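Here UniProt numbering is used: position 158 in the sequence shown is 158, and no number is missing along the way.
Where is the CB? At the ideal position from N, CA and C, for every residue including glycine.
Every value quoted in this text rests on a predicted model; they were computed, and no experiment measured them.
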Amino acid sequence: MTTPTELAVQSGGTGLHVEIDEAEGQVPTFLFVNGLNLTIHHWRSQRAGLASAGRLVFYDHRGHGRSGKTSWRRATIRQTALDLKAVIDAVAAEGPLVLVGHSMGGTVIAALAAEHPELFGRTVTGVALVESLPGRWGDVSYGLGMKVSRPLVVLSRLLGPVRLLSAACFWAVNSVAVRIRPQWAPTSPRVRAADRARGRTTLWGVIMSASTLAFTALSTDAMVCDHSQALPVIGRAATLVVAGTDDPYIPDETKTRLAELIPGAKLLVVPEGGHSSHRRRADLVNTELISLAARAVPRTGTEQAPV
């Protein structure tokens, strides 16, 4: 594998770390959008498996990995969508472009569709949503179990714009959870230090590396934001919905319903794929991503269509 091109893209006061694996010839560009608390290393199976299939672009969200810190005010799903737009403008403004979003990364893509519908069907010709939702993550268990997550959702909605108090509540539960069951709170410095001591840096120290502020703020915002109205816009591009069964975060039927709400979307069900089908069955998912890129061709007359 050749050395990737690295650059910093400025957006909303933060420098976003971007890596590009260039390719020869007329090949599509794949741009990978991480889930919450993850970095570009989470896509290593795609980086290896799609090396000859296209130009590959990876970046870290604000407050994650090698990207710069974020302010509290800017740590929102809408801002991460604007960050994604900045990356697109910097590295793939002309298209054709296939966006691949995992978990919260799919939420960011939906937010981008709401903010910039003119991109879809023209520049963005393909979209893959892997174990994802368009928003309202508080309607599912959020991986904490309903007994823990439901009170947080209620508090988030009651507090409304007072996101600081809402997030403080989430942070408090995170702090208590680490004492009871460490795997519930991967953002804890104590847990990270223990993982490094055990030689598990690749998992927690690198892959899962959001700042506590970014994790807390984005978590609470994702609980209540809803961009489902933008799903028809996503449908202007060729769309693949990847749905691993036995997902501890999202019910199987919720993923299936997502595919039904996007016009023309293809549903790929991955048995026992959990919340990381693209890692557990990388061969299958990579094949489908290549197929998606092949049918992702620019469409005309989409830029003025209503959201």
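Can residue i and residue j be called in contact, C-beta distance under 8 angstroms?
i    : j    : result
L97  : L31  : yes
F215 : N34  : no
A265 : V241 : yes
Measure from the alpha carbon of residue i to the alpha carbon of each residue in the options, then state which is nearest.
i    : options              : result
V233 : G68, R78, L289, I109 : I109
V127 : H17, H42, A238       : A238
A86  : L267, E115, I262     : E115
L129 : G235, R78, T76       : G235
Buried or exposed: which applies to residue i, given that a residue is buried once 16 or more other Cβ atoms fall within 10 Å of its Cβ?
i           : result
S52         : exposed
P251        : exposed
R281        : buried
residue 393 : Lying before the first or after the last residue shown, residue 393 is absent from the chain, which here runs from 1 to 307.
G244        : buried
P28         : buried
E24         : exposed
A111        : buried
E260        : exposed
D89         : exposed
By DSSP's criteria, residue i is part of a beta bridge. Which residues make up the other side?
i    : result
E19  : E6, F58
F32  : F58, V100
T123 : T123 is not bridged to any residue.
L38  : Note: L38 sits in no beta bridge, so no partner.
Please classify residue i: does DSSP put it in a helix, a strand, or coil?
i    : result
E303 : For E303, the predicted model reports a pLDDT of 46, less than 50, meaning its position is unreliable; a value from the coordinates is still stated below. Here E303 sits in coil by DSSP.
L50  : coil
D139 : helix
T14  : strand
H116 : coil
R244 : Strictly speaking, residue 244 in this sequence is Gly, with Arg absent from that position. Strand, per DSSP.
P186 : In this prediction, P186 scores a pLDDT of 44, lower than 50, which makes its location untrustworthy; the coordinate-derived value is nonetheless stated afterwards. If DSSP states are grouped into helix, strand and coil, P186 belongs with coil.
G145 : For G145, the pLDDT reaches just 46, beneath the cut-off of 50, and the residue's location in the model is therefore unreliable, leaving the point undetermined.
V206 : For V206, the predicted structure reports a pLDDT of 40, less than 50, and the residue's modelled location is therefore unreliable. The matter cannot be settled from this model.
V27  : coil
Would residue i count as contacting chain B if we go by Cβ distances under 8 angstroms?
i    : result
S219 : Any reference to chain B falls outside this structure, which holds one protein chain only.
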